[in-house]
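In the numbering used here, the protein residues as written are 838 to 1417.
Working notes for the structure below.
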C-alpha cells in the first residue's frame, strides 16, 4: 500500500465510520469517478444501506424522501462538477422543510481548481445560505483521521439540531482514487453512539406568565401544522382536551389519521371557513399555533381577520409566520410546552361544542354531495374516494398545487392509521415522484397523488422504481395543465391564460411508463376508477393510474361544494345561535 492510498483509506474510513457511529443508516449515491473513495467506503460499511441513483436531481429528492419518512439524516454523495448543482432543488426543499440531509460533493484537488480542469467548478459554499453549515475538507491524510471523525459528528449534530436542515461537505481528492477496502473494513468500529440533542423548555418565570394568560381565556383555538417530533401529537391532543379547545388539524399534522377519533379535532374547516358570517361569529380570545403554516387558504384568511393574541410554538426553531399575525413566538419543545402550561378547565366547553357542531354539519353535507355526484368522475370525487379506500398503515405522499388542497378539503378523521407527507418547504412541483419513491424504499404500501405537470417534471425519477424494485401506486390527476391557476385572478385573462398559466401539454403517460416497467391503467369514468383501484391493490411494483379530468369541471365542482356548504351553514345559523 502506498502512502497516498494509506492516507486515502484511513481518512475516508474514519469519516464514513463516524457517520455510522452517530446513527446514519442510509446513503444515496450518484455514480461518478471523483467520488470513488467515499462511494466504495460507503458500499463496504456494514451499517449503512446504500442506494445508487443514476440521476443526481432525482437522487436528491429520493434521499429527501427517506429522511422525511424516517425522520433521520440521510447521506447524499456525488462526483465533482455540475453533479452537485443538480442536488440544489432538493437541498432547498430540505432547508425550508427542516429535513436533515448530509450532502457530500467530491472535488478536484486545489491545484486543479480555476485552471480549466475537466469537471472542476467552484464548489466552495455551493449551496449558499440553503445549508446550515458548509466545509471544504482538507486533502486525505492518515494524521487527519481524528479530525475527519470530529467533522462527521459535527455535521450529524448540526443537521438535526433545531432548525434541522442540510449540511454540506466538499471533499477534494487526488488520483489514484481507490482505497484499500480490506484495510477500510478493519478500521470500522461498528459502534453506535448517537448524539444527544438538546430539547429546550420554557424558563419558569416565563411559564408562569403563559399559564396565567391561558387561565383567563374562554375561547381558545388551537391550530396544528406539521411538527418535527411525532410525540408532539399526543401532547397537543391532551392539551386541547383539557382546555376544551377545538384543534384545527392540518392534513400534514397527523392528527386526522390516528387510530381513533379525537373529540377536539376539527377537520372540515377549509370548507366552512369560506363563509364570512361564520368567520365573524367564531372569534377566539387566544390562538395557539403549533408547527408549520397550514395549507388551507380559507384558514389563513380567517387568521388575518383575528385581533386576539396569537402564540406560535415551534419545535423547528425557525420563523413560521408568513402572514405576520403572531404576537408571541416560542422556539421550544411542543411536548414540554403542552405539559408545562396546560391546566384542566371547562370554560371553553360551549365554544368547542359550536365548532364541533359546524364541523359535523359540514362533514355530512360533503358526504351527501359526493353521494349525489356518483357515478361522475371528477378530481374531488377521486380524492374523496381514494382517502376512503386507503389501507391502514399506508403512506400517502401528496403533490403540491391542487392535490394537497384537495386532501385538505376531503380528509376527515377516521379509525385508520396512515401517514400523509408532502414537500411543503418550498412548495415546488419538482422532485415529487422521486421523493415519493424515497419514501416507498423505507415504508410499505406507499401511494402518490400527483398532478400531470408535476408528474411530467420528474418522469426520469421513475428509473429508481425499476432499478430498486420499489412498490409505489401513483394516481396522476391529468387535467392537461396547471389546474390551480383556474382558481386565481389570472383566469380572467382569456387572451393569455392558456399559453402562460393553463399550459396544456396534451400528454398521456401510457407510452412513457412502459419505459420503466410500470403497470398502467387509464381511467375515464367512475366504473373504470373503482376497477383500477381494485386491480392495482392486488399487485406489486410500480403502478400508475392516470385519471383523465377536466379543469373547468373541476373548478365548477369545487365552487359548488363550497357554496352548498355555505348555504347549509346559513340555514342552520339560527340553530347555532341557540347553542350559545
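Idealized CB from N, CA, C, for every residue including glycine.
Model, not experiment: these values are computed from the prediction.
Simplified DSSP state of residue 1057, which is helix, strand or coil: Looking at residue 1057 - three-state DSSP - the assignment turns out to be strand.
Secondary structure at residue 1145, three-state DSSP: helix, strand or coil? Three-state result, residue 1145: coil.
In terms of residue numbering, what span does the beta strand (DSSP E) encompassing residue 817 cover? The chain is shown only over 838 to 1417; residue 817 falls outside these bounds and no answer can be derived.
Measuring only the C-alpha atoms, how far is residue 1358 from residue 1374? The alpha-carbon atoms of residue 1358 and residue 1374 are separated by roughly 12 angstroms.
For residue 1132, report the span of its alpha helix (DSSP H) as first-last. Where residue 1132 is concerned, there is no enclosing alpha helix (DSSP H), because DSSP gives it neither an H nor an E.
Other residues of its chain near residue 868: CB distance less than 7 angstroms, five sequence neighbours each side excluded: Excluding residues up to 5 positions away in sequence, 889, 891 lie with their Cβ nearer than 7 angstroms to the Cβ of residue 868 in the same chain.
Please confirm whether residue 908 and residue 1275 have their CB atoms less than 9 angstroms apart. Residue 1275 is positioned such that its CB atom lies no closer than 9 angstroms to that of residue 908.
Using 8 angstroms as the Cβ pair cut-off and three pairs as the minimum, do the region 1265-1274 and the region 1074-1082 touch? In short, these stretches do not touch, since the Cβ pair count stays below three.
With a 10 Å radius around its C-beta and 16 neighbouring C-beta atoms as the bar for buried, classify residue 1213 as buried or exposed. Residue burial annotation: residue 1213 is exposed, with fewer than 16 other C-beta atoms found within 10 angstroms of its C-beta.
Helix, strand or coil at residue 1422 according to DSSP, with G and I counted as helix: Because the chain here runs from 838 to 1417, residue 1422 falls outside it and cannot be looked at.
Best match in 912, 893, 1389, 1133 for proximity to residue 1241 [C-alpha to C-alpha]: Cα-wise, what sits closest to residue 1241 is 1133.
Nearest candidate by alpha-carbon position, reference residue 874, set 852, 863, 1343, 857: Cα-wise, what sits closest to residue 874 is 852.
In DSSP terms, what residue 887 is bridged to: Paired residues: 864.
Close-in-space but distant-in-sequence residues of the same chain around residue 1059 (CB under 6 angstroms, 5 per side omitted): Answer for residue 1059: 1077, 1082, 1084, 1125, listed in chain order.
Who pairs with residue 1397 in a beta bridge, going by DSSP? For residue 1397, which the question treats as bridged, DSSP gives no partner whatsoever.
Cβ shell of residue 1224 (< 7 angstroms), same chain only, five flanking positions each side left out: These residues qualify, in order along the chain: 1247, 1248.
Tell me, please, whether the region 1150-1165 touches the region 1018-1029 by the rule of three or more beta-carbon pairs shorter than 8 angstroms. Taking 8 angstroms as the limit for Cβ pairs, the verdict is that the region 1018-1029 does not touch the region 1150-1165.
Could you say if the region 877-888 and the region 1049-1063 meet the contact criterion of at least three C-beta pairs nearer than 8 angstroms? Taking 8 angstroms as the limit for Cβ pairs, the verdict is that the region 1049-1063 does not touch the region 877-888.
By the DSSP assignment, the alpha helix (DSSP H) with residue 934 in it spans what residues? Annotation for residue 934: the continuous alpha helix (DSSP H) segment containing it runs 925-934.
Express the C-alpha separation of residue 1234 and residue 1312 in angstroms, rounding to a whole number. Just so you know, the alpha carbons of residue 1312 and residue 1234 end up roughly 10 angstroms apart.
Around the C-beta of residue 919, are 16 or more other C-beta atoms found within 10 angstroms, so that it is buried, or is it exposed? By the C-beta density criterion, residue 919 is exposed, having fewer than 16 other C-beta atoms within 10 angstroms.
Here's the rule I'm using: 16 or more other beta-carbon atoms within 10 Å means buried, otherwise exposed. How should residue 1237 be labelled? The residue in question, residue 1237, is buried, as its Cβ has 16 or more Cβ neighbours within 10 Å.
Which residues in the same chain as residue 1029 place their Cβ atom closer than 7 angstroms to its Cβ, once the five residues preceding and following it in sequence are excluded? Answer for residue 1029: 858, 860, listed in chain order.
DSSP beta-bridge partners of residue 1232: Beta bridge pairing from DSSP links residue 1232 with 1256, 1283.
Simplified DSSP state of residue 1156, which is helix, strand or coil: Correct three-state label for residue 1156: coil.
Taking the alpha helix (DSSP H) that residue 1080 belongs to, which residues open and close that run? 1068-1080 is the span of the alpha helix (DSSP H), which, as asked, contains residue 1080.
On a CA-only basis, which of 1387, 1295, 1379, 1351 is nearest residue 1321? Give me that one, please. Nearest C-alpha to residue 1321 among 1387, 1295, 1379, 1351: 1387.
Tell me residue 1127's beta-bridge partners as DSSP assigns them. According to DSSP, which records beta bridges pairwise, residue 1127 is partnered with 1061, 1150.
Kindly identify the DSSP beta-bridge partner or partners of residue 970. Residue 970 is bridged by DSSP to 1004.
Give me the Cα-Cα distance between residue 946 and residue 936, rounded to the nearest whole angstrom. Straight-line Cα distance between these residues: approximately 30 angstroms.
List the endpoints of the continuous alpha helix (DSSP H) containing residue 1380. Counting along the chain, residue 1380 falls outside any alpha helix (DSSP H), though it belongs to the beta strand (DSSP E) covering 1379-1385.
So, with DSSP's three-state summary, where would you put residue 1263? Of the three classes helix, strand and coil, the one that applies to residue 1263 here is coil, per DSSP.
Span separating the alpha-carbon of residue 1282 from that of residue 1371: In this structure, the straight-line span from the alpha carbon of residue 1282 to that of residue 1371 is close to 14 angstroms.
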